[in-house]
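Data block below; observations after.
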Amino acid sequence: MRVGFIGAGNVGKTIARHLIGAGHQVVISNSRGPESLEGLVGKLGPLARATTKEEAVQCELVIAIVLTSELPALVVMGTRDPEPQRAHYPQPRCPSE
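Counting from 1, position 4 in the sequence shown corresponds to residue 9 in this note's numbering; the numbering is continuous, with no gaps.
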């Protein structure tokens, strides 16, 4: 499976490393552009590639990790289902609800 990342901080790097260990390809993006990720991709190996967020969202699974003022990191995951009408995704809820 090809997994796209938006956000390449500590959380993203850790998840990417585990996915690569399981044999998945990872496509990593951040707000500073693919050039800023060359060192990370070199450490992760041949199953990792730096790209833009526009390309990362085209993967089968997309993991977006963003900083928020209330949480250290907010992780949002979604799939690109070729037949979305057959899938049902529950509405996300905040922990305070």
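Cβ coordinates follow ideal geometry from the N, Cα and C atoms, glycine included.
Here the structure is a predicted model, which is why all the values come from computation and not from measurement.
Mind checking who Ile-33 pairs with in its DSSP beta bridge? Phe-10, Ala-55
If we count the other Cβ atoms within 10 Å of its Cβ and call it buried at 16 or more, is Ala-27 buried or exposed? exposed
If we ignore side chains and look at the alpha-carbon of each, how far apart do Arg-7 and Gln-30 end up? 5 angstroms
Tell me which residue opens and which closes the alpha helix (DSSP H) that Leu-49 is part of. 43-49
I need the straight-line Cα distance from Arg-37 to Lys-18, nearest angstrom please. 16 angstroms
Cβ neighbours of Arg-22 in the same chain (closer than 7 angstroms, five flanking residues each side left out): Leu-49
Is the separation between the beta-carbon of Ile-11 and that of Ala-61 shorter than 8 angstroms? yes
Exposed or buried, which one is Gly-9 when buried takes at least 16 other CB atoms within 10 Å? buried
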